[in-house]
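Novice: Structure in structure tokens, see below.
Numbering (this note's numbering), first residue to last: 4 to 250.
Laid out in structure tokens, this is it:
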């Protein structure tokens, strides 16, 4: 099976459309969405409706911290910008869309793979895997050979040998990476809707579950339209700027 793994969509219709079209062109069989469907962007309702349609065709979906924020009155763990957008998002979702978010799980497993939004040691606490130490902690918290997670808006790949030594591998777009069974792996596809590595192109990955090969992609999209929609919605200008510059 060729599995498209997308995370941190952040209500960015233009980026989501581009990545889904890209995956379809490459004959993706199934889709996994690792949370943060909403937040930051101007099209939360469209994104939720789109993901619901994919779920009806068998896609897997997780809850992210911004999704959970829509359901909560107390969002003290979020920065002021995120809190503002989450409240705006809640007011722009209908009951069906909100109830869909409410039912999302924190993790799921598929074959030898674990899928979480943030990390494997405490998925509900939203702590970041942003280095080798955290990657090791996450990999040691599960028996899965391969862990896929989001939350960090930069594509990364970590691997751990039998001695427990962890190394970081910087993936190149469009280059297939064989995931050896002799190692354990943690893959972060990067953000569809709000990349933060200085490259505004959307990120996602395709995973061949039979060949155990992972390919990262960068997909250009209409960042100008997406950023203008953020401004038109009355959302913070910094979020529009981030879409244009990828940082």
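Ideal placement from N, C-alpha and C gives every residue a C-beta, glycine not left out.
Keep in mind that this is a model prediction, so the values were computed, not measured.
Please report the Cβ distance between residue 229 and residue 15, rounded to the nearest whole angstrom; I am assuming they are in contact, meaning their Cβ atoms lie under 8 Å.
Specialist: Their Cβ separation, rounded to whole angstroms, is 5 Å, which keeps residue 229 and residue 15 in contact under 8 Å.
Novice: Work out the CA separation of residue 45 and residue 21 for me, nearest whole Å.
Specialist: If you take the alpha carbons of residue 21 and residue 45, they lie about 16 Å apart.
Novice: What separation, rounded to the nearest whole angstrom, lies between the Cα atoms of residue 149 and residue 24?
Specialist: For residue 149 and residue 24, the distance between alpha carbons rounds to 26 Å.
Novice: Is DSSP giving residue 143 helix, strand or coil here?
Specialist: In this structure, residue 143 counts as helix in the three-state DSSP scheme.
Novice: Here's a check: name, in chain order, each residue in its chain whose Cβ is nearer than 8 Å to the Cβ of residue 195, leaving out the five neighbours to either side.
Specialist: Counting only Cβ-Cβ distances below 8 Å, and skipping sequence neighbours, we find 9, 10, 11, 12, 13, 15, 18, 19, 22, 205, 206 and 207.
Novice: From the DSSP secondary-structure annotation, give me the bridge partner or partners of residue 181.
Specialist: Residue 181 pairs with 216.
Novice: Taking a contact to mean a Cβ-Cβ separation below 7 Å, would you say residue 41 touches residue 92 in this structure?
Specialist: The answer is yes: Cβ separation under 7 Å.
Novice: Between the C-alpha atoms of residue 165 and residue 188, what's the straight-line distance to the nearest angstrom?
Specialist: In a straight line, the C-alpha of residue 165 is about 12 Å away from that of residue 188.
Novice: Ignore the nearest five residues each way along the sequence and tell me which others in residue 216's own chain have a CB closer than 8 Å to its CB.
Specialist: Only 179, 180, 181, 182 and 210 meet the Cβ criterion.
Novice: Count the other CB atoms within 10 Å of the CB of residue 78; is the residue buried (16 or more) or exposed (fewer)?
Specialist: By the 10 Å Cβ count, residue 78 comes out buried.
Novice: In angstroms with no decimal places, state the Cα-to-Cα distance between residue 50 and residue 202.
Specialist: Whole-angstrom Cα-Cα distance: 22 Å.
Novice: Could you pull out every residue in the same chain whose Cβ sits closer than 6 Å to the Cβ of residue 219, ignoring the five residues on either side in sequence?
Specialist: Result list for residue 219: 158, 174, 176 and 208, in chain order.
Novice: Give every residue of the same chain whose Cβ lies closer than 7 Å to the Cβ of residue 107, excluding the five residues on either side of it in the sequence, and list them in chain order.
Specialist: Within the same chain, residue 107 has close Cβ partners 64, 65, 66 and 70.
Novice: Applying the 10 Å Cβ sphere with the 16-neighbour rule, what's the burial state of residue 171?
Specialist: Exposed.
Novice: Please return the same chain residues whose Cβ sits closer than 8 Å to the Cβ of residue 126, not counting the five positions on each side in sequence.
Specialist: Closer than 8 Å at the Cβ level, and outside the excluded window around residue 126, lie 109, 110, 119 and 120.
Novice: Quick one, are the C-beta atoms of residue 144 and residue 161 less than 7 Å apart?
Specialist: No.
Novice: Going by DSSP, which residues form a beta bridge with residue 190?
Specialist: Answer by DSSP bridge pairing, in chain order: 151 and 160.
Novice: Straight-line CA distance for residue 34 to residue 191?
Specialist: So the alpha carbons of these two residues sit roughly 15 Å apart.
Novice: Give the range of the beta strand (DSSP E) segment to which residue 113 is assigned.
Specialist: Where residue 113 is concerned, the enclosing beta strand (DSSP E) stretches over 110 to 113.
Novice: With a CB to CB cut of under 6 Å and the five nearest residues on each side skipped, what residues in its chain are close to residue 246?
Specialist: The answer, listed in chain order, is 226, 229 and 230.
Novice: Span of the alpha helix (DSSP H) holding residue 259?
Specialist: Not covered by the structure: residue 259. The range shown for the chain is 4 to 250.
Novice: So which of 81, 102 and 87 has the shortest CA-CA distance to residue 128?
Specialist: When only C-alpha atoms are compared, the closest one is 81.
Novice: Using 7 Å as the threshold, is the C-beta distance between residue 105 and residue 124 below it?
Specialist: Not a contact, by the Cβ cut-off of 7 Å.
Novice: Assuming contact is defined by CB atoms lying nearer than 7 Å, are residue 89 and residue 61 in contact in what I supplied?
Specialist: Cβ atoms of residue 89 and residue 61: not closer than 7 Å.
Novice: Find out if the Cβ-Cβ distance for the pair residue 7, residue 26 is shorter than 7 Å.
Specialist: A contact, by the Cβ cut-off of 7 Å.
Novice: Name the two residues that bound the continuous alpha helix (DSSP H) containing residue 94.
Specialist: From DSSP, the alpha helix (DSSP H) with residue 94 extends over 83 to 94.
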